[in-house]
Ligand code: PEP
Ligand code: MG
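Numbering (the numbering used here), first residue to last: 12 to 974.
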């Protein structure tokens, strides 16, 4: 014992070191010091804080403290499900550890106490005896992050307990199998030794033994493998494998805590926007090991209480007899469908059906569970809410409501609005006659084409430069996660529907074909053999995750269609929501699609997009180039009937719903070529003119070529090339650095004031289209919207034009025209002057695209192309404010404008039509501040409808983050 350290028996596990001469001195010394420090320094830590809960005591609802897995293990234990005894170390302990870089004081004492309880409960002994207690050490945070953090199994094995295990089971093969698994997992997770160092020996023994499957290895092989693994640990870590089981446990707990900050976990949280208020730190679950690999009356498997691909109410899952859980998840052996168990293990199958029913009725949610059968006894090792694709989630909502398992509100609340995006993805055109080159399991639906790549790093690299890629692997591992993010789809040649690739792809809504055994991946040669074909890296392939087919080349896709279940859910959503959902649509075609998505009107029709069509642009250019009012009016006169016809069609498609038409907004120069383009065109034309002129005179005057001036003699092609390359590089940089500042000039209503005849033409076209539709017997509800307003005087001026034209038309028409007049609120000043604006406007629509640019004082283009990703990564800004409404900044102005506007006009109709209007988080805020509608692009309408319902149903839980 080092001098000056006085550890009392019973104050910590350190006393156990005395019997471990082979544990390397430096590490042992460091641990003793740390533990001594921990035992004598409490710092700010409250010694009374409970950091460890047994499964029998933990609060099953406190996922923040116990993690989702831990809380569910407690809950299951307490409702009588057969869970192996165990305990949970809390997420708070993890945070303490990460902060102080050492375990909280007294933690290992509490762990020791719980271990003693496990010994009492199981009759086994930890670290000694011939019936040794082995435990699993698993991570588990408040939100499920499958495979992102670390787990260790069979902890508690050492040379002594190994002998005990052999004696107790009489099964040497089983004991060595458990030992070699433990050494590898512990080596990897706790000591940081790469898998390949172990795999290399494993494969070598397997090859020498002439076996293909791991189960064919005999005890002597596994003993040899274990010995080799021990030497790998010695070689790679410079230490002997730790024999003290409490030290094993401490190192494992610390490793799991550290894995919270590992790259995989951090990437995953960033990608899925998991913030500390949602999940902070991981708990550690320590659970008595039960074995599915002790013989043919043992099995292990995973199940879903319903089919996660289709939502069908049936037993779903896979199992392997005589195997350990990791074999199923890693896809090392191909598992069997649960249905086979009915014949193979009828009694356990019946128990499994009962378990499934209990889980679903207790949690009122589809569950994804893991089980093990040890010598005929069924244990449930974990349960969590099942991640399903969108179609299955929607179907199970409708089914579970019909089965009276959940209420309509629960049915809506359990669906993440963004998930519906998957249903809007294309699938393969069934008319395509291309033959597949391989078939695997349909592991996650959807179709995707892309260049095949054989590792996650390259997938990420190519994805970043905008290439569409398909990640092709033999099997995937959690460390491939960055490749998943970048890939359009995932293809594996091994593993089942519950393999890592399948689970992660489903969670991300990306297509996945798993276990396509006909594909032999050779990462070294960057190619794969598929029958007689060779697939080179970079070749384009297509996956159909719904059928499991793989094709060469890019196959055409077709748009998805709404299922009856989705229609039902969205109808419920519309009934529940306060907010209406409109679409931003500029053409009759887009309007028709928006109706199919369930839009309740058009919240923004950008009329300038009508101007850009090829039959109108020349007229628009004539109008812009006109030097006087008369010429401008002549061009507008030609444009008017075209605009009117556009509006008639649009109003007809949307009848009887409102259509908000925005008067011309962009500055005139947007309809003309850029200065640079014009200069180039002019140069080219001048050159042509000179060539034509020169040709005519050259023939007559040419005698001999003139001599070049002196400096030209010294010019070589090389020199010119060098200079050109430098200039070209500079040009590229200059272009990259160019800024696109927000357009703040002569646009919007200011154009309408400078050239009143433009707005007059548009207003007349809208009103005449209204009359025409009314004459056709249609009920139409146009809304005239003025953009970029800063002052009430602007609105008053446009309103005067509207009134004048209306008066005239009503006289001719003989009836009153029904329409609304309103303004966009997209300048900061408009927000501050909302009260005055509302005196003239019957509605407001927040243009949060421009308002966001104005509030942040940068343009979307500059921000997104230059610094926003870096700002998001370093968490200076949490989201992209052009996608998700910036509640803290822009939201304050929105709130103020709503308040002031309604102070002036109680029934002021208010909506939002910036892109943020289609984002669920923004929608929650819009509901909270009392908007009447949101308007977004057509395909986001279903997402917004569901989000609007959820905003209403969960309004009490709304957390206002404005301050
Ligand atoms: C806005 O500014 O939010 C808006 C909808 O207008 P645009 O995007 O056309 O500028
Ligand atoms: Mg705008």
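For glycine and all other residues, C-beta sits at the position ideal for the given N, C-alpha and C.
Given the structure is predicted, the values throughout are model-derived calculations rather than measurements.
Cβ-Cβ distance between residue i and residue j below 8 Å
i, j, result
"residue 527", "residue 449", "yes"
"residue 845", "residue 836", "yes"
"residue 674", "residue 618", "yes"
"residue 521", "residue 499", "yes"
"residue 383", "residue 507", "no"
"residue 401", "residue 949", "no"
"residue 809", "residue 756", "no"
"residue 237", "residue 194", "yes"
"residue 374", "residue 349", "no"
"residue 833", "residue 853", "yes"
"residue 556", "residue 457", "yes"
"residue 779", "residue 655", "yes"
Delimiting residues of the alpha helix (DSSP H) encompassing residue i
i, result
"residue 82", "74–89"
"residue 600", "599–607"
"residue 903", "901–915"
"residue 198", "183–200"
"residue 664", "640–665"
"residue 587", "575–587"
"residue 230", "230–248"
"residue 591", "No alpha helix (DSSP H) contains residue 591, which is instead part of the beta strand (DSSP E) from 591–595."
"residue 631", "628–636"
"residue 938", "931–939"
"residue 745", "728–748"
"residue 882", "879–884"
Coil, strand or helix - residue i by DSSP
i, result
"residue 396", "strand"
"residue 538", "strand"
"residue 834", "strand"
"residue 284", "coil"
"residue 347", "strand"
"residue 560", "strand"
"residue 784", "helix"
"residue 828", "coil"
"residue 338", "helix"
"residue 294", "strand"
"residue 891", "coil"
"residue 157", "coil"
"residue 567", "coil"
"residue 439", "strand"
"residue 222", "coil"
"residue 378", "strand"
Range of the contiguous beta strand (DSSP E) that encloses residue i
i, result
"residue 329", "327–332"
"residue 794", "792–797"
"residue 167", "Segment: none, residue 167 is in no beta strand (DSSP E) and carries neither H nor E."
"residue 148", "146–152"
"residue 100", "97–100"
"residue 544", "544–547"
CA-to-CA distance, residue j to residue i, given in whole angstroms
i, j, result
"residue 766", "residue 953", "40 Å"
"residue 611", "residue 781", "19 Å"
"residue 380", "residue 314", "5 Å"
"residue 221", "residue 523", "33 Å"
"residue 768", "residue 647", "8 Å"
"residue 977", "residue 525", "This structure cannot settle anything about residue 977, because the visible part of the chain is limited to 12 through 974."
"residue 49", "residue 112", "Here residue 49 scores only 37 on pLDDT, less than 50, and its place in the model should not be relied on; the value that follows carries that caveat. Roughly 11 Å separates the two Cα atoms."
"residue 841", "residue 730", "58 Å"
"residue 128", "residue 276", "32 Å"
"residue 91", "residue 920", "55 Å"
"residue 274", "residue 284", "15 Å"
Any chain B beta carbon closer than 8 Å to residue i
i, result
"residue 878", "Reference to chain B is not applicable here, since this structure consists of a single protein chain."
Whole-Å CB distance - residue i paired with residue j, under 8 Å assumed
i, j, result
"residue 95", "residue 295", "Not really, about 16 Å apart at Cβ, beyond 8 Å."
"residue 256", "residue 169", "6 Å"
"residue 206", "residue 199", "6 Å"
"residue 791", "residue 870", "Residue 791 to residue 870, Cβ: 36 Å. No contact."
"residue 386", "residue 463", "That belief does not hold up - the Cβ atoms of residue 386 and residue 463 are roughly 45 Å apart, past 8 Å."
"residue 146", "residue 299", "6 Å"
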